[in-house]
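Here is the structure we will look at.
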Amino acid sequence: MRRFLSLCLFSLLLAACAPKGISTPIPPVETNPAPVFTPIPTLTPTATPTATPYASLGTIALDFIGLLCNTEWMNGAQHLTTCPAASADHSGGFATPVDPIPEGLPADAPVLLTIPPWNGYGALFLRYPSFTVGANDRFRATLQCRVSTPCDVQFALEYYDSKGKFHGSFMDWDYITGDPPIQVDAGLSALTGQTVDFVLTLRLFHSLDTPQKDNGLWIAPHIYRPLP
Numbered sequence: 060m061r062r063f064l065s066l067c068l069f070s071l072l073l074a075a076c077a078p079k080g081i082s083t084p085i086p087p088v089e090t091n092p093a094p095v096f097t098p099i100p101t102l103t104p105t106a107t108p109t110a111t112p113y114a115s116l117g118t119i120a121l122d123f124i125g126l127l128c129n130t131e132w133m134n135g136a137q138h139l140t141t142c143p144a145a146s147a148d149h150s151g152g153f154a155t156p157v158d159p160i161p162e163g164l165p166a167d168a169p170v171l172l173t174i175p176p177w178n179g180y181g182a183l184f185l186r187y188p189s190f191t192v193g194a195n196d197r198f199r200a201t202l203q204c205r206v207s208t209p210c211d212v213q214f215a216l217e218y219y220d221s222k223g224k225f226h227g228s229f230m231d232w233d234y235i236t237g238d239p240p241i242q243v244d245a246g247l248s249a250l251t252g253q254t255v256d257f258v259l260t261l262r263l264f265h266s267l268d269t270p271q272k273d274n275g276l277w278i279a280p281h282i283y284r285p286l287p
């Protein structure tokens with residue numbers, strides 16, 4: 060009996076001394092008890108969207124589409140493979156540039172399609188490389204859903220600070236089928252001088268019946284920096 064107790068104590072000491080792994084914290088997904096599901100309205104014609112132009116009197120300090128494959132992909136429960144093959148399992152969430160013409164946009168408009176997870180997690184997070192925010196930097200984009208797809212989603216710009224703390228809902232915009240495209244031109248003065256990892260987020264607040272629904276489009280998303 061003494062030998063058995065000694066072995067148990069020794070095992071506990073080994074477990075306590077084992078090194079712990081370090082991993083990037085996954086942003087939480089809000090859960091609400093017994094949600095009331097609101098049907099998504101039937102598609103109705105909307106005004107032709109206009110892509111947010113890349114300004115000629117400044118520079119593009121951060122191109123969110125150009126750096127897509129340098130990001131870290133996550134949903135509310137796990138890390139995902141960044142820029143996976145088209146034949147891969149996308150049920151945890153997916154993002155890819157798409158042809159702007161079927162969306163009624165100019166042929167040269169940069170468009171990022173974000174597809175939320177349809178395995179119950181409710182959000183897709185794209186974490187970008189570290190970026191130091193300038194004094195007059197602005198986040199610019201046009202937000203909407205695909206013209207052929209009903210949706211009810213929330214777009215958000217969030218970030219991790221230099222200590223790795225996640226700041227959710229730094230800026231967010233709700234969009235539902237029938238709304239006009241959301242033109243975003245938001246100042247980032249609250250973060251001036253800080254080095255942060257920006258996160259593009261697409262959230263759902265209802266059940267997802269099919270991955271063909273609730274796809275979010277980010278048209279020309281970028282950080283604009285005016286000339287001095």
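Residues in the sequence shown are numbered from 60 upward in steps of one, following this note's numbering.
We put the CB at the ideal spot given by N, CA and C, even for glycine.
Since the model is a prediction, treat every value here as computed from it, not as a measurement.
Excluding residues up to 5 positions away in sequence, 187 and 188 lie with their Cβ nearer than 8 Å to the Cβ of residue 126 in the same chain.
Counting along the chain, residue 205 sits inside no beta strand (DSSP E), nor does DSSP assign it H or E at all.
Per DSSP, reduced to three states, the secondary structure at residue 274 is coil, with no helix or strand assignment.
The C-beta distance from residue 259 to residue 216 rounds to 7 Å, short enough to fall under 8 Å. Between the region 225–244 and the region 164–180 there are fewer than three C-beta pairs closer than 8 Å, too few to call the two in contact. By the criterion of at least three beta-carbon pairs nearer than 8 Å, the region 127–141 is not in contact with the region 241–252. The Cβ atoms of residue 132 and residue 185 sit closer than 7 Å to each other. No residue range can be given for residue 265, since it is assigned to no beta strand (DSSP E) and is classified by DSSP as neither H nor E. With respect to residue 156, residue 171 sits close: the two C-beta atoms are nearer than 7 Å. Excluding its 5 nearest sequence neighbours in each direction, residue 251 has C-beta neighbours in its own chain below 6 Å: 192 and 194, listed in chain order.
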